[in-house]
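Asks:
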Amino acid sequence: AQKVTQAQTEISVVEKEDVTLDCVYETRDTTYYLFWYKQPPSGELVFLIRRNSFDEQNEISGRYSWNFQKSTSSFNFTITASQVVDSAVYFCALNRMNRDDKIIFGKGTRLHILP
Amino acid sequence: NAGVTQTPKFRVLKTGQSMTLLCAQDMNHEYMYWYRQDPGMGLRLIHYSVGEGTTAKGEVPDGYNVSRLKKQNFLLGLESAAPSQTSVYFCASISGTANQETQYFGPGTRLLVL
Chain A
54 AQKVTQAQTE ISVVEKEDVT LDCVYETRDT TYYLFWYKQP PSGELVFLIR
104 RNSFDEQNEI SGRYSWNFQK STSSFNFTIT ASQVVDSAVY FCALNRMNRD
154 DKIIFGKGTR LHILP
Chain B
118 NAGVTQTPKF RVLKTGQSMT LLCAQDMNHE YMYWYRQDPG MGLRLIHYSV
168 GEGTTAKGEV PDGYNVSRLK KQNFLLGLES AAPSQTSVYF CASISGTANQ
218 ETQYFGPGTR LLVL
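Order-wise, the sequence lines are chains A and B. Add 53 to the 1-based position in the first sequence for the numbering used here, that's all there is to it. Add 117 to the 1-based position in the second sequence for the numbering used here, that's all there is to it.
Structure, rendered in structure tokens:
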């Protein structure tokens with residue numbers, strides 16, 4: 054069975070601090086996709102990144118970076134120099150590549166960036 | 118190109134009433150999904166469709182039905198609404214499994230069942 058665990062329900066940090074959101078996944082498949090989505094207070098879901106299981110290279114996009122480690126089944130997300138606009142709920146998700154059309158979401162981490 | 122749209126944006130129902138939520142996409146995507154989002158529960162898949170005329174059950178299908186008569190539309194029906202179905206419903210679509218860059222989400226429908 055597939056499962057995504059985001060153990061941090063809620064995190065608060067002061068603006069400009071770095072923060073890491075944890076994501077641990079379970080799957081028996083060797084090929085899969087991992088995703089991160091952002092849901093700001095306005096409610097829409099915003100795609101942030103997709104990573105396939107073949108590629109363990111870390112990725113950086115501006116202040117965002119992702120650390121994918123198959124050995125620990127983790128796909129953690131770090132925001133550097135956080136800003137108030139980063140306040141949102143962040144979801145990690147998993148999908149079995151080319152075999153299953155369902156994307157399984159974690160329960161999300163609510164991030165508060167305090168001014 | 119409107120992306121994924123959902124109708125209505127908000128609805129209040131009484132227990133036992135029925136309604137249909139419409140999801141429309143203009144990106145010629147094959148796959149479409151209906152999720153519900155509840156506080157502290159993340160997104161849970163209700164039903165999905167891998168193409169016109171096909172539907173499949175997700176994690177929480179009970180109390181819902183779906184239809185995909187046209188490729189661009191995915192309808193979610195509640196035959197007899199219950200308070201437990203109070204939630205925010207999101208529709209999503211992707212082009213296909215082989216090129217699964219991202220799911221495009223609609224803006225959501227807030228449903229309150231009294």
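Think of the CB as a built atom: it goes at the ideal place given N, C-alpha and C, for glycine as much as any other residue.
1. Classify B/Asp179 as helix, strand or coil using the three-state DSSP reduction.
2. Between the segment 144-162 of chain B and chain E, which residues of the former have a C-beta closer than 9 Å to a C-beta of the latter?
3. Is A/Glu63 close to chain B, meaning its C-beta is less than 7 Å from at least one C-beta of that chain?
4. What whole-angstrom Cβ distance do A/Ile231 and A/Val72 have, given they're in contact under 8 Å?
5. Taking the straight line between their C-alpha atoms, what separation do you get for B/Gly223 and A/Gly96?
6. Among the residues of its own chain, which have a CB less than 6 Å from the CB of A/Val67, if the five just before and after it don't count?
7. List, in order along the chain, the chain B residues whose C-beta lies closer than 8 Å to that of A/Gly159?
8. Hey, would you say B/Thr172 sits closer than 7 Å to B/Arg161, going by beta carbons?
9. Of all Cβ atoms in chain B, is any one closer than 7 Å to the Cβ of A/Glu68?
10. Would B/Met144 be called buried (16 or more neighbouring beta carbons within 10 Å of its own) or exposed?
11. Between B/Phe96 and chain A, is any beta-carbon pair separated by less than 7 Å?
12. Can you check which of these residues, A/Lys155, A/Pro94 and A/Gly115, is closest to A/Val57 by C-alpha distance?
13. So, for B/Gln217: in the same chain, excluding its five sequence neighbours on each side, which residues have a beta-carbon less than 7 Å away from its beta-carbon?
14. Give me the residue from B/Gln123, B/Ala119, B/Glu147 and B/Ala199 with the minimum Cα distance to B/Gln134.
15. Cα separation between A/Asp75 and A/Val142?
16. Quick check on B/Gly225 - is its C-beta less than 7 Å from some C-beta in chain A?
17. Along the chain, which unbroken stretches of the beta strand (DSSP E) at least 3 residues long are found entirely within the segment 130-167 of chain B?
18. Kindly identify the DSSP beta-bridge partner or partners of A/Phe107.
19. Based on Cα-Cα distance, which residue from A/Arg81, A/Thr80 and A/Leu101 lies nearest to A/Pro93?
20. Roughly how many angstroms lie between the CA atoms of B/Cys208 and A/Gly161, to the nearest whole one?
21. Out of curiosity, what's the CA-to-CA distance linking A/Arg149 and A/Glu79?
22. Which term fits B/Thr226, buried or exposed, when burial requires 16 or more other beta carbons within 10 angstroms of its beta carbon?
Replies: Reading from the atomic positions:
1. coil
2. Although the question refers to chain E, the structure presented lacks it and instead comprises the protein chains A and B.
3. no
4. Examination of residue 231 of chain A is not possible in this model, given that chain A is present from 54 through 168 alone.
5. 10 Å
6. Leu167
7. Gly159
8. no
9. no
10. exposed
11. Not covered by the structure: residue 96 of chain B. The range shown for chain B is 118 to 231.
12. A/Lys155
13. Annotation note: pLDDT 49 at B/Gln217 (below 50); position unreliable, coordinate value reported separately. Once the five neighbours on either side are set aside, the close Cβ partners of B/Gln217 are Ile211.
14. B/Ala199
15. 13 Å
16. yes
17. 136-142, 148-155 and 159-166
18. A/Phe107 pairs with nothing; no bridge assigned.
19. A/Leu101
20. 18 Å
21. 11 Å
22. buried
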